[in-house]
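Numbering (the UniProt record's numbering), first residue to last: 1 to 231. Yeah, the Cβ is synthetic: ideal placement off N, Cα and C, and Gly gets one too.
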């Protein structure tokens, strides 16, 4: 079986694939223009969406593309062919994103940056730290990754609000809503986490009007796509 690996970290992927099945015939690289013939030869591609999209524009296509990302935005461009099976990376980023966000929550509550600055100057930092207990945290984009983040926050005693595209109850969130409910929740939350994907519906959602509805002490963390936030 011939498989094309087109990714910036292609050596990492080829090493792992060969550990699983040494008989695989892999063609790998990170330059789409050098892999046009390989693209025609391989019916399965594993790759970074932006690189795969570039190869597709040369007029070659596989039967199946496995994205190395959770997002697939470059592959849904109007000028690209879409008559192949497309699967994305799921179940691998939740823990990483949860730890990333938890780091920022705790750093803010425990005032770590300020403490480090004082420590460098040999000064005593006498302000009382905060705590996550009782804080209201709204996760906008309560999909697989959002639920992983929420689950990691449960032991800290926070009040979790989840925002999805359709209103429904989702564990472990205490309250759930849709994007239309944002103004109502923004007035009371302590932290807002954006995990929205890049879609026509989510572009430029976070604008001055919404930010003005947040209480002055609220913290906004964008861990989703930058296109959701107006610069």
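Exercise for the section: Determine contact between the region 80-96 and the region 53-69, defined as no fewer than three beta-carbon pairs at a distance below 8 Å. Expected result: yes
Exercise for the section: Please go through the same chain and pick out, in chain order, the residues whose beta-carbon is closer than 7 Å to the beta-carbon of residue 94, but skip the five residues on each side of it. Expected result: 144, 145, 148
Practice task
Classify residue 1 as buried or exposed, calling it buried when 16 or more other Cβ atoms lie within 10 Å of its own Cβ.
Solution key: exposed
Problem - Beta-bridge pairing of residue 64 - partner residues as DSSP gives them - result: 44, 85
Exercise for the section: Please name the residue in 50, 100, 177, 3 whose C-alpha comes closest to that of residue 73. Expected result: 50
Exercise for the section: Could you tell me if residue 163 is buried or exposed, where buried requires 16 or more neighbouring beta carbons within 10 angstroms of its beta carbon? Expected result: buried
Exercise for the section: Give every residue of the same chain whose Cβ lies closer than 8 Å to the Cβ of residue 111, excluding the five residues on either side of it in the sequence, and list them in chain order. Expected result: 125, 127, 129, 130
Exercise for the section: Would you kindly report the start and end of the unbroken beta strand (DSSP E) that includes residue 28? Expected result: 25-29
Practice task
Using beta-carbon positions only, say whether residue 196 and residue 152 come within less than 7 Å of one another.
Solution key: no
Problem - beta strand (DSSP E) runs wholly inside the region 136-197, at least 3 long, in chain order - result: 136-140, 159-163, 175-177, 191-194
Exercise for the section: Would you kindly work out how many angstroms separate the C-alpha atoms of residue 54 and residue 76, rounded to a whole number? Expected result: 12 Å
Handout entry: First through last residue of the beta strand (DSSP E) which encompasses residue 5
Key = 2-6
Handout entry: CA nearest to the CA of residue 217, picked from 189, 174, 204
Key = 189
Problem - Residue from 161, 120, 157, 156 whose Cα sits closest to the Cα of residue 140 - result: 161
Practice task
Measure the C-alpha to C-alpha separation of residue 106 and residue 150 and round it to an integer number of angstroms.
Solution key: 14 Å
Exercise for the section: Would you give the residue range spanned by the alpha helix (DSSP H) that residue 211 belongs to? Expected result: 208-212
Exercise for the section: Can you give me the Cβ contacts of residue 114 inside the same chain, cut-off strictly under 8 Å, excluding the 5 residues immediately before and after it? Expected result: 125, 127
Handout entry: Contacting residues, own chain, Cβ-Cβ under 6 Å from residue 204 (five flanking each side not counted)
Key = 230
Practice task
Could you pull out every residue in the same chain whose Cβ sits closer than 6 Å to the Cβ of residue 30, ignoring the five residues on either side in sequence?
Solution key: 8, 10
Handout entry: Length of the line joining the Cα atoms of residue 247 and residue 201
Key = Missing from the structure shown is residue 247; the chain here goes from 1 to 231 and no further.
Exercise for the section: Specify, as a first and last residue, the run of the beta strand (DSSP E) that residue 221 falls within. Expected result: 219-222
Practice task
Determine the burial state of residue 33: buried for a count of at least 16 other Cβ atoms within 10 Å of its Cβ, exposed for fewer.
Solution key: exposed
Practice task
Spatial neighbours of residue 208 within its chain, please: CB distance less than 8 Å, with the 5 preceding and 5 following residues excluded, ordered by chain position.
Solution key: 230
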